[in-house]
Structures are given as structure tokens and as C-alpha cells.
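Participant:
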Amino acid sequence: MKESGAWLSPSYNGIAYLDKPAFYFKAVALSLAAFGNNETAARLPSALFGLALLVMTYGFCRRAYGTRCAIMAVIIIATTPLYLVFSRTIIFDMTLAFFVSAAIFAGYRAEECEGKSRRNWYLLGALAAGFATLVKGPVGFLIPGLVLFIFHRVEGRRGVWKRFFAPLNLLVFFGVTLPWFIGLSLQHPDFPYYGLIEESFHRFTTTTFHRSQPFYFYALIVAGLFLPWSFILPEAGVAAWRNKSSMLSADRLCLVWAVTVVIFFSLSKSKLPGYILTVTVACGILLARFFQHAMANPEGKPARIVGRAAITLTILSLLIAAAALFLSTRMSLLAKPLGLSVADAEELGGHFITAVILLSVFAVLGLLARFRRDAGLGFAIFAIFPLLLFMLNFGAIETIFNIKSARLMAQKIPALPPETRLAFLECFPSGLPFYLNRTATLFTKDGSEITSASNYILFRLKNDPAWPANLVPVTNFDRWISQRDCQVYLITREKNRPRLETIAGVQPTDIQPLTPPYIGVLLTAP
Numbered sequence: 417m418k419e420s421g422a423w424l425s426p427s428y429n430g431i432a433y434l435d436k437p438a439f440y441f442k443a444v445a446l447s448l449a450a451f452g453n454n455e456t457a458a459r460l461p462s463a464l465f466g467l468a469l470l471v472m473t474y475g476f477c478r479r480a481y482g483t484r485c486a487i488m489a490v491i492i493i494a495t496t497p498l499y500l501v502f503s504r505t506i507i508f509d510m511t512l513a514f515f516v517s518a519a520i521f522a523g524y525r526a527e528e529c530e531g532k533s534r535r536n537w538y539l540l541g542a543l544a545a546g547f548a549t550l551v552k553g554p555v556g557f558l559i560p561g562l563v564l565f566i567f568h569r570v571e572g573r574r575g576v577w578k579r580f581f582a583p584l585n586l587l588v589f590f591g592v593t594l595p596w597f598i599g600l601s602l603q604h605p606d607f608p609y610y611g612l613i614e615e616s617f618h619r620f621t622t623t624t625f626h627r628s629q630p631f632y633f634y635a636l637i638v639a640g641l642f643l644p645w646s647f648i649l650p651e652a653g654v655a656a657w658r659n660k661s662s663m664l665s666a667d668r669l670c671l672v673w674a675v676t677v678v679i680f681f682s683l684s685k686s687k688l689p690g691y692i693l694t695v696t697v698a699c700g701i702l703l704a705r706f707f708q709h710a711m712a713n714p715e716g717k718p719a720r721i722v723g724r725a726a727i728t729l730t731i732l733s734l735l736i737a738a739a740a741l742f743l744s745t746r747m748s749l750l751a752k753p754l755g756l757s758v759a760d761a762e763e764l765g766g767h768f769i770t771a772v773i774l775l776s777v778f779a780v781l782g783l784l785a786r787f788r789r790d791a792g793l794g795f796a797i798f799a800i801f802p803l804l805l806f807m808l809n810f811g812a813i814e815t816i817f818n819i820k821s822a823r824l825m826a827q828k829i830p831a832l833p834p835e836t837r838l839a840f841l842e843c844f845p846s847g848l849p850f851y852l853n854r855t856a857t858l859f860t861k862d863g864s865e866i867t868s869a870s871n872y873i874l875f876r877l878k879n880d881p882a883w884p885a886n887l888v889p890v891t892n893f894d895r896w897i898s899q900r901d902c903q904v905y906l907i908t909r910e911k912n913r914p915r916l917e918t919i920a921g922v923q924p925t926d927i928q929p930l931t932p933p934y935i936g937v938l939l940t941a942p
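Residue 417 is where the sequence shown starts when you use my numbering, and the numbers rise one by one after that.
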């Protein structure tokens, strides 16, 4: 999109990518255009929307609860591992979370006002829902609409839907979304069916997209990716539900928000962790309120729940520390199960000692918070835990992600002249075209190598006999190679080594090992 200047249609490896709308991808393209083709520029939109969501949440909480609670809510959200990860990942979930949360906050605020102020808040909500739809399709308006509908029913408000669907609100929403939808449909006539039926309806109701998980999947996500705050959530959630009638209106909004989003996506046949990213906002606000009560009354039930959570953190820290200490000298045995080389596994084990020391310190602090009945100290421990664990173990994290990243592979490939073609044989190392700054020709049987990135490409291959130029049936591989008119750098998996060796002029010594399991060879022009 940066190179072509396109605004409506993203592309993946030079092929039309209609799996999601264009808003987020264009934001990344503009960032690359402004700051260059580098990882920081690519990650910047997610980071900025993550920061903007924290600022917006602070403003909402400050008005509803006061400055102290607003600061605690921001700290909780910002230190939730799920939020940390998606704030630096090049994917649209954080951008979607910003606009969905904006629509929910605006819809809540509208019903607190009258007259012109109410109209303006609803217009702002319609605008946010429109942009959320431009980020990820119908879910952009379905989620805030569903949350607000249920919330206002709980509050006993009548006539809200008439105000939701006021003509001016609809004009704003469709004014944002229809130009993109109509323009893209004119460019790609198959888009309306694919976008509305395949990508939206079938994704929710079928297992076609191979992302099915059990109904309790999001319970596991909350338990693992909300750490350590998830130690408090079960008891705090039950307590909040039992006392929902005495809660403030904003508390009930967050409670409805969290429950609605988790149930909605639990019913979906397609499940990914990022789908419930906005739950970190709702739960972060509720937990801030919970700690506010615990700090105000050290002998009350919230304070006792915080104390029990501190003990849980202590026990878990000691167990993980013991396991890390045991495994630190035995990582070579885990190399194969983890998909690592022995050297990489042993390097990873070398970083475990830092984690052991850190976890032991947190175990002691957890005990101290429990026996002093100090909810403030408990809050500080829970907030610092994920940040320090991340920063002090960055070496281990870097080792893991470097193994999975295409960056190291790109560094091993010799500098390629601009006229050299890049080709993949029955594989697609994700991210490599970015690092090499060029698209690739993929030899494939059915396009399944790129399923993780684009289901639309598979949909197109099944319904259009004319394949895109960058996709070549693998049955035409030998002919394509023999008829090449320029230098080609070919990448494939180790299992295809015999096939490379049969290509004219390729000797075993010409084949270059890249990152496992990939190998590459430079084929000169005939």
C-alpha cells in the first residue's frame, strides 16, 4: 500500500488481500512512508493506538471515579501481558480495541446527557463504530452495539435504540464505511460475498478457518495472559456480580462489557486471543475499583481477596523458580519438543537464572503483602511483576522470537541485486518479503502455505481459474525454472533438497542452510 499509494485494497506479497478492511494497513503504510521500512515504523500504529486507549480510559475513569482510580486502571491495563503484546504487534487488534472502546464510552456518556450534548456523544460513538468497522468489519459495530444494548437493558432505560439509530447517527456511520465498501466492491466484485458471508458469517458459525477452540478457551486466555491480575479476577468477579445492584453505573457497564465480549466470542467457532482484547479495559477498570475498596478498608473482603492472591503469586513464583532452576541445565533435552536447535535451547536455559532470582524476590514480597495486609503493596507487586519479568528476561524473549522471526534468515541471505527474483517452493517464510524488501513467487499446490495470513487468497484460487502472477502451480515449477530469464534466489524446506540438486547447475555445495528448516540457493540466469 505504501508503494502503490492504494487506500482501498491491501495486498499481501503483491496479491489482493481482502480478509480485513484497509484502515489499519493504510496506517502502517503511512508510518512506513514517514519513517522508512523498519520494524519500529511498522509497529508504531499499534503502539500509538495502545497509548491513546490508555489516555481515553484515564479520562473516562477520572470523571467516573476520580484521579487515583484512573491512574490505577491505566497501570493495570498497561501491565496486562495481553495488552503489552498487542501494543507492539503488527496486527489490527489494538486499533480495533481503541475504536470499539471509544464507541462504548461514547454510548455510555450519551445517556448521561441531554439535548445537544447527548446528540454529539452519539455522533462520536457512530464515528468510532464506523472506524472500528473499517478496521475489522461488522464486529466493529456489533460489539459496542451489543454491549450498550445489554447494559441499557440492565439499567432499565427505554427508547435507547431509537436514539442509537437516529438518522444523523446512521448518516455518520455509513458516511465513514460506505465509500470504502462501495469502492472496494467495484474493484473486486467478489468482495461483498466474501467479506460478509465467508469472512464474517462463516468465520463465526463454522470451523472453515481452522481456528476452532473449546468453549472454555477464553477462560484459559484470561488466566494466562492477564497474569498476575488473573489471580484476583475470579473472586473479584463473583463479588462484583453479587453486588451489582449496589455498584455505580460505570461499574455495571464494565461488568456487562467483560461478560458480553467473552460469551460472544466463546460462542464463535473461530477463536484467537486478540478477539477479547477490550476485556483488558473493562477488567482493568473493575480491578482498579476493587483495589480502591481494598485500600480503603484493610479488614474488608476486597483486602482479604488481595491477600489470598498475594499468597497465590508467592506459591506460583516459587514453583516456576524451582522448575526454571531444574531445567536451566537440561534444556538440550527439550530442544526437539520446542522446535529449537540444541545451541538455541542451551542459550535459552542460560537466561533462566535471572528469572529464578526475580521470582524468588516476588515470592518474598507476596508474603510480606499478605501478612502486613497491605493492599497498596499488593497492587505495586502485581503491577511491577509483569514489567520486571519482561525486562529482566528480555534476553530469553529475544532468543525465542529471533528463532521464530524471518529477520535472521534475511541476514543470512546474500545481498540480492534489484533484478533478482525471490521464489519460495512449497513454503512461505512469513515476514521475509518485508526484510528483503521484495515480493516473492510462490510455487504451491493449493495456496495453503499462506493460509495463516490470508484466507481470501485461497477463496480466490478456488473460484477463479486465473491465478495471480505471484502464485504458480507447483506442477509448473520445473518449466518455470528452466525458462527463467533472470537470476533467482530460491528458498524451500530441507525435505526438498533432492529436488534442488536435480536442477541443472546446482551442486550440493551451492545450497545454503538458512534458519531451520529452510535452505536456499542462488540460481544464475541461463
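For every residue, glycine included, the Cβ atom is placed at its ideal position computed from N, Cα and C.
Kindly indicate which three-state DSSP category F547 falls into: helix, strand or coil?
Facilitator: Helix, per DSSP.
Participant: Can you tell me which of the three DSSP states T676 falls into?
Facilitator: In the structure shown, T676 sits in a helix (DSSP, three-state: H, G or I).
Participant: Cutting at 7 angstroms between CB atoms, please list the residues of its own chain near L848, excluding the five before and the five after it.
Facilitator: Result list for L848: A822, M825 and A826, in chain order.
Participant: Does A856 pass the burial test, meaning 16 or more other C-beta atoms within 10 Å, or should it be called exposed?
Facilitator: By the neighbour-count rule (16 or more Cβ atoms within 10 Å), A856 is buried.
Participant: Going by C-alpha distance, which of V937, L434, F580 and A545 is nearest G611?
Facilitator: Taking only the C-alpha atoms, the option nearest G611 is L434.
Participant: Please state the DSSP three-state secondary structure of L612.
Facilitator: Helix at L612.
Participant: Note down, one range per segment and in chain order, each alpha helix (DSSP H) of at least 4 residues found wholly within the stretch 559–613.
Facilitator: Those alpha helix (DSSP H) runs which fall completely within the stretch 559–613 and span 4+ residues are 576–580 and 583–603.
Participant: How would you label T918, buried or exposed, when you count the other beta carbons within 10 angstroms and need 16 or more for buried?
Facilitator: Looking at its Cβ environment, which holds fewer than 16 other Cβ atoms inside 10 Å, T918 is exposed.
Participant: Do A725 and C699 have their beta-carbon atoms positioned less than 7 angstroms apart in this structure?
Facilitator: Cβ distance not < 7 angstroms, so C699 and A725 don't count as in contact.
Participant: To which residues of the same chain is L741 closer than 6 angstroms at the C-beta, ignoring the five residues directly before and after it?
Facilitator: Counting only Cβ-Cβ distances below 6 angstroms, and skipping sequence neighbours, we find V772.
Participant: Around the C-beta of S369, are 16 or more other C-beta atoms found within 10 angstroms, so that it is buried, or is it exposed?
Facilitator: For residue 369 there is no data in the structure shown, the boundaries of the chain being 417 and 942.
Participant: Are A737 and L775 close, meaning C-beta to C-beta below 7 angstroms?
Facilitator: The answer is yes: Cβ separation under 7 angstroms.
Participant: Quick one: Cα of E835 to Cα of Y905, how far?
Facilitator: The alpha-carbon atoms of E835 and Y905 are separated by roughly 11 angstroms.
Participant: State the Cα-Cα distance for the pair S427 and P595, rounded to the nearest angstrom.
Facilitator: Between S427 and P595, the C-alpha separation is close to 19 angstroms.
Participant: I829 to L930, Cα distance in whole Å?
Facilitator: Going from the Cα of I829 to the Cα of L930 covers about 8 angstroms.
Participant: So, with DSSP's three-state summary, where would you put P689?
Facilitator: Reduced to three states, the DSSP call for P689 is helix.
Participant: Along the chain, which unbroken stretches of the alpha helix (DSSP H) at least 4 residues long are found entirely within the stretch 788–867?
Facilitator: For the stretch 788–867, whole alpha helix (DSSP H) runs of length 4 or above, ordered along the chain, are 791–808, 810–820, 823–828 and 848–852.
Participant: Reducing DSSP to helix, strand and coil, say where R900 ends up.
Facilitator: Looking at R900 - three-state DSSP - the assignment turns out to be coil, as it is neither helix nor strand.
Participant: Tell me the DSSP secondary structure of I889 in three-state form.
Facilitator: The sequence given here has Pro at residue 889, not Ile. Strand at P889.
Participant: Starting from the N-terminal side, write out each stretch of the alpha helix (DSSP H) that is 4 residues or longer and does not extend beyond the stretch 420–483.
Facilitator: You should have 439–451 and 455–480.
Participant: Tell whether a beta-carbon distance below 7 angstroms holds between F778 and M488.
Facilitator: Going by C-beta atoms, F778 is not nearer than 7 angstroms to M488.
Participant: If you measure between the beta carbons of L793 and T495, is that distance less than 7 angstroms?
Facilitator: In this structure, T495 does not lie closer than 7 angstroms to L793 by Cβ.
Participant: Using the Cα positions of A457 and S447, report the straight-line distance between them to the nearest angstrom.
Facilitator: Rounded to whole angstroms, A457 to S447 spans 5 angstroms at the Cα level.
Participant: Need the endpoints of the alpha helix (DSSP H) that I873 sits in, please.
Facilitator: Here the alpha helix (DSSP H) through I873 covers N871 to N879.
Participant: When DSSP labels each residue in this structure, what does P929 get in the three-state scheme?
Facilitator: Looking at P929 - three-state DSSP - the assignment turns out to be strand.
Participant: Among the residues of its own chain, which have a CB less than 6 angstroms from the CB of S616, if the five just before and after it don't count?
Facilitator: Cβ neighbours of S616 beyond the five flanking positions: G553 and P554.
Participant: Taking the alpha-carbon positions, what's the F844 to E910 distance?
Facilitator: Roughly 13 angstroms separates the two Cα atoms.
Participant: Is the beta carbon of F476 closer than 7 angstroms to that of F521?
Facilitator: A contact, by the Cβ cut-off of 7 angstroms.
Participant: Taking buried to mean at least 16 other C-beta atoms within 10 Å of its own C-beta, is R574 buried or exposed?
Facilitator: R574 comes out exposed.
Participant: So L939 is in the beta strand (DSSP E); what residue range does that whole segment cover?
Facilitator: That run of the beta strand (DSSP E) goes Y934 to L939.
Participant: For R479, I'd like the list of residues in its chain whose CB is within less than 7 angstroms of its CB, leaving aside the five on either flank, ordered along the chain.
Facilitator: Here the set comprises nothing.
Participant: So, is the C-beta of S646 closer than 7 angstroms to a C-beta in chain C?
Facilitator: Among the chains of the structure shown, chain C does not appear; only one protein chain is present.
Participant: Looking at L467: is its Cβ nearer than 7 angstroms to the Cβ of V490?
Facilitator: No.
Participant: Measuring alpha carbon to alpha carbon, tell me which of T867, F465, R579 and H709 ends up nearest E530.
Facilitator: E530 has its Cα closest to that of R579, out of T867, F465, R579 and H709.
Participant: Between which two residues does the alpha helix (DSSP H) harbouring E651 extend?
Facilitator: It spans L649 to R658 - the alpha helix (DSSP H) in which E651 sits, taken as one unbroken run.
Participant: Could you pull the start and end residues of the alpha helix (DSSP H) that Q708 belongs to?
Facilitator: V695 to A712 is the span of the alpha helix (DSSP H), which, as asked, contains Q708.
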